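K.L.:
With this note's numbering, the residue at position 55 of the sequence shown is 88, and numbering never jumps. C-beta atoms are modelled at their ideal positions from N, C-alpha and C, and glycine is treated no differently. The structure presented is a predicted model; accordingly, all values stated were derived computationally and were not measured. I have a structure here, written as structure tokens, and I will follow up with some questions on it.
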Amino acid sequence: MTSIVLVHPEIPHNTGAVGRTCVALDLELVLIHPLGFQITDKHLKRSGLDYWQHVRLAEFSSWDAFMDERSPRDDQLFLFEEYAPRSFYEPDYPADAYLVFGRETKGLPPEITAPLKHRMVSLPMRSPHIRSLNLSNTVAVAAYQALRGQLGG
């Protein structure tokens, strides 16, 4: 199963919207603490509407705890960063991929990206006025791209 990994998300509305996308696409949502909100936050659940109860949620106290428990293969990890040189259209995503996203204001911390630069991808932006999209929009676009070979239609 493909998983969406949010590292230190700050805005409950975004995480709620990501949870809704995860339910729609039957994806796991992995949250890496610390979070910028309480998991019981009313804004989180409002954005997730009545779907939040169906989110397959896993939480980890840190990135290291996630890596220790899950032990993902190198080819499973896709780190989304606005300045990554490789487009997210290029890779072939395995069915058990981890799509990893950083906090809304700062992205992924260097201690995560430094050893995994070769796993970084970005969404291309045509306008020089925009660096990146909203986190929940980016997750939705990335998830559909990663699942393109698995979705009918």
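Can you say whether Gly52 is buried or exposed, counting buried as having 16 or more other CB atoms within 10 angstroms of its CB?
P.N.:
Here residue 52 is taken as the residue at index 19 of the sequence shown, counted from 1. Classification of Gly52: buried, given that the 10 Å Cβ count is 16 or more.
K.L.:
Pop quiz: Leu110 and Tyr131 are said to be a contact at Cβ under 8 Å. What is the actual Cβ separation, rounded to whole angstroms?
P.N.:
Counted from its first residue, the sequence shown places residue 110 at position 77. Counted from its first residue, the sequence shown places residue 131 at position 98. The pair is a contact, with the Cβ atoms about 5 Å apart (cut-off 8 Å).
K.L.:
Buried or exposed: Pro42, going by 16 or more other Cβ atoms within 10 Å of its Cβ?
P.N.:
Translated into positions along the sequence shown, residue 42 becomes position 9. It is buried - the Cβ of Pro42 has at least 16 other Cβ atoms within 10 Å.
K.L.:
In the DSSP output, which residue or residues are listed as bridge partners for Val51?
P.N.:
Looking up residue 51 in the sequence shown gives position 18. None, per the DSSP bridge assignment.
K.L.:
Given that a residue counts as buried once 16 or more other Cβ atoms are within 10 Å of its Cβ, and exposed if not, what is Leu141?
P.N.:
Position 108 of the sequence shown, counted from the start, is the residue given in the question as residue 141. Leu141 should be labelled buried.
K.L.:
Give me the residue from Met158, His151, Trp96 and Val38 with the minimum Cα distance to Arg89.
P.N.:
Here residue 89 refers to the residue found at position 56 when the sequence shown is read from its first residue. The shortest Cα separation from Arg89 among Met158, His151, Trp96 and Val38 belongs to Val38.
K.L.:
Would you report the Cα separation of Leu149 and Glu114, rounded to the nearest angstrom?
P.N.:
Stepping through the sequence shown from its first residue, residue 149 is reached at position 116. Stepping through the sequence shown from its first residue, residue 114 is reached at position 81. Using only the alpha carbons, I get a separation of about 11 Å.
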